[in-house]
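**Student:** The working numbering puts the first residue of the sequence shown at 33, with every later residue one more than the last. All residues carry an ideal CB built from backbone N, CA and C; glycine is no exception.
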Amino acid sequence: EALIDLGLKETSVSVNVAAQQFQHSDHLRDVLNQAFEAHPKCQAELFTIELTEGTLIEDIQATSDALETLKKLGFSISIDDFGTGYSSLNYLKKLPVDQLKIDKSFIQGMLSGANDQAIVTAIIIIAQKLNMKLVAEGVETIEQAQFLLDQDCEFAQGYYYHKPLPFDQLSQLISDLN
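1) Which stretch, first to last residue, makes up the alpha helix (DSSP H) that contains Phe-107?
2) Could you have a look at Asn-48 and say whether DSSP puts it in helix, strand or coil?
3) Measure the Cβ-Cβ separation of Asp-148 and Gly-141 and say whether it is below 8 angstroms.
4) In chain order, what residues of the same chain have a beta carbon less than 8 angstroms from the beta carbon of Phe-138, not counting five sequence neighbours either side?
5) Straight-line CA distance for Ala-51 to Glu-82?
6) Just verifying my parser: in three-state terms, what is the DSSP assignment at Leu-197?
7) Identify every run of the alpha helix (DSSP H) within the segment 107–162, keeping only runs that are complete inside it and at least 4 residues long; order them along the chain.
8) Should Leu-35 be labelled buried (16 or more other beta-carbon atoms within 10 Å of its own) or exposed?
9) So, using beta-carbon positions, are Ile-157 and Lys-133 closer together than 8 angstroms?
10) Quick check on DSSP: helix, strand or coil for Glu-100?
11) Going along the chain, which residues of its own chain have a beta-carbon closer than 8 angstroms to the beta-carbon of Phe-68, five neighbours each way excluded?
12) Indicate whether Gly-145 and Glu-172 have their beta-carbon atoms separated by less than 8 angstroms.
13) Between the Cα of Gly-117 and the Cα atoms of Leu-88, Gln-93, Ile-109, which residue gives the shortest distance?
14) Leaving out five residues before and five after Val-45 in sequence, what residues of the same chain have Cβ atoms less than 8 angstroms from its Cβ?
15) Do Ala-168 and Tyr-192 count as a contact pair if the criterion is CB distance below 8 angstroms?
16) Let's see if you can read the secondary structure: which residues bound the alpha helix (DSSP H) around Glu-82?
17) Pull the bridge partners of Val-167 from the DSSP assignment, please.
In structure tokens, the structure reads:
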């Protein structure tokens, strides 16, 4: 609610969900519903649920059902650290995923290693062809940011843009920018 009060009505907040939390999706749904009841300004559409690849492949049908439930509630679904786990492309076509996050290990090596660069480029193309959003994690230099921009990567995050801040400092930064 505090971000909305600062005027960031279109801001999306990502929430990492651990495998154990996700395996108890009924409990997760109940916790999320309680959170929205307590904070009525917040809408599920402003949240992205981030899961690692390993979480997704345990039981593909149960995973698909759980993700569909979250999507019906209005959440977006993101695969975090894409490329570092099992990377089965099969689940990309079977699961209701909205976003991929390229792991920072590929971003950090993409300007000095042909393999990392090829992997980053391939993930960008896959996301584009599947109409998924894409976030590059761990961008630390202008050269990395420029390469990603040249490859039509939609979003990036990392120290190049800003280091993580406690909420009070983030609030001040947002106020200063307005």
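**Tutor:** Looking at the atomic coordinates:
1) Residue numbering aside, residue 107 sits at position 75 when the sequence shown is read from its first letter. First-last for Phe-107: undefined, no H or E at that position.
2) By 1-based counting over the sequence shown, the position of residue 48 is 16. Look at Asn-48 here: in three-state DSSP terms it is strand.
3) Stepping through the sequence shown from its first residue, residue 148 is reached at position 116. Stepping through the sequence shown from its first residue, residue 141 is reached at position 109. For Asp-148 and Gly-141, yes; Cβs fall inside 8 angstroms.
4) Position 106 of the sequence shown, counted from the first residue, corresponds to residue 138. Same-chain partners within the cutoff: Gly-115, Asp-148, Ile-151, Val-152, Ile-155.
5) Along the sequence shown, read from residue 1 onward, the residue named residue 51 stands at position 19. Along the sequence shown, read from residue 1 onward, the residue named residue 82 stands at position 50. If you take the alpha carbons of Ala-51 and Glu-82, they lie about 10 angstroms apart.
6) Residue mapping note: residue 197 aligns to position 165 of the sequence shown, counting from 1. In this structure, Leu-197 counts as coil in the three-state DSSP scheme.
7) 121–126, 136–141, 146–161
8) Position 3 of the sequence shown, counted from the first residue, corresponds to residue 35. With 16 or more Cβ atoms within 10 Å of its Cβ, Leu-35 is classed as buried.
9) Indexing the sequence shown from 1 puts residue 157 at position 125. Indexing the sequence shown from 1 puts residue 133 at position 101. Ile-157 places its beta carbon 8 angstroms or farther from that of Lys-133.
10) Translated into positions along the sequence shown, residue 100 becomes position 68. Glu-100 sits in a helix when the DSSP states are folded into three classes.
11) On the sequence shown, residue 68 is found 36 positions in, with the first residue counted as 1. Counting only Cβ-Cβ distances below 8 angstroms, and skipping sequence neighbours, we find Cys-74, Gln-75, Ala-76.
12) As a position in the sequence shown, residue 145 is number 113, starting the count at 1. As a position in the sequence shown, residue 172 is number 140, starting the count at 1. Contact flag unset, no.
13) For the purposes of this step, residue 117 is taken as the residue at position 85 of the sequence shown. Closest by alpha carbon: Leu-88.
14) Residue numbering aside, residue 45 sits at position 13 when the sequence shown is read from its first letter. So the qualifying residues of the chain are Leu-35, Leu-78, Phe-79, Thr-80.
15) By 1-based counting over the sequence shown, the position of residue 192 is 160. By 1-based counting over the sequence shown, the position of residue 168 is 136. Contact flag unset, no.
16) Counting from one through the sequence shown, the residue named residue 82 turns up at place 50. Looking at the DSSP string, Glu-82 is not in any alpha helix (DSSP H); the run it does join, the beta strand (DSSP E), is 79–84.
17) One-based indexing of the sequence shown puts residue 167 at position 135. The partner list for Val-167 (beta bridge, DSSP) reads Lys-133, Phe-187.
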